[in-house]
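Q:
Numbering (my numbering), first residue to last: 243 to 351.
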């Protein structure tokens, strides 16, 4: 009976965390990082830790600049070398009065 109660409590505890929704910023970053132009650029980026993300918004539609900085990961500890990734987003006019989101990526070691 004791094991059944512990299993039930564990199941309920895990489900409460699984039910939490991501915030708007996390969803936005997921959409940016999963865009095919950004994925192609990020293929050669080394694994990083101590990551910070800054977002700057301009007045034009879809114009956002994301700056991702972090230390490269060594064998066990982070290296002193910092990597800076700049992702610039821009909305380009589409065919049916809409906009198409495009991104450019720049990696600085």
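Idealized CB from N, CA, C, for every residue including glycine.
Just mark residue 340 as buried or exposed, buried being the case when its beta carbon has 16 or more other beta carbons within 10 Å.
A: On the chain shown, position 98 is the one that residue 340 refers to. When all chains shown are included, residue 340 counts as exposed.
Q: Tell me which same chain residues have a C-beta within less than 7 Å of the C-beta of residue 383, skipping the five on either side of it?
A: No statement about residue 383 is possible, as the shown extent of the chain runs from 243 to 351 and does not include it.
Q: Taking the alpha-carbon of residue 293 as reference, which of 267, 349, 334, 310 has the nearest alpha-carbon?
A: Your numbering for residue 293 matches position 51 in the chain shown. When only C-alpha atoms are compared, the closest one is 310.
Q: Since I believe residue 325 is in contact with residue 348 (beta carbons under 8 Å), could you give me their beta-carbon distance rounded to a whole number of angstroms?
A: If you number the chain shown from 1, residue 348 lands on position 106. If you number the chain shown from 1, residue 325 lands on position 83. Not a contact, Cβ separation roughly 11 Å.
Q: Which of the three DSSP states, helix, strand or coil, is assigned to residue 317?
A: Start at 1 with the first residue of the chain shown, and residue 317 comes out as number 75. Correct three-state label for residue 317: coil.
Q: Can you tell which of 281, 290, 334 has its C-alpha closest to the C-alpha of residue 239?
A: Here the chain covers residues 243 to 351 and nothing more, so residue 239 does not appear.
Q: For residue 342, I'd like the list of residues in its chain whose CB is within less than 6 Å of its CB, leaving aside the five on either flank, ordered along the chain.
A: Residue numbering aside, residue 342 sits at position 100 when the chain shown is read from its first letter. These residues qualify, in order along the chain: 334, 336.
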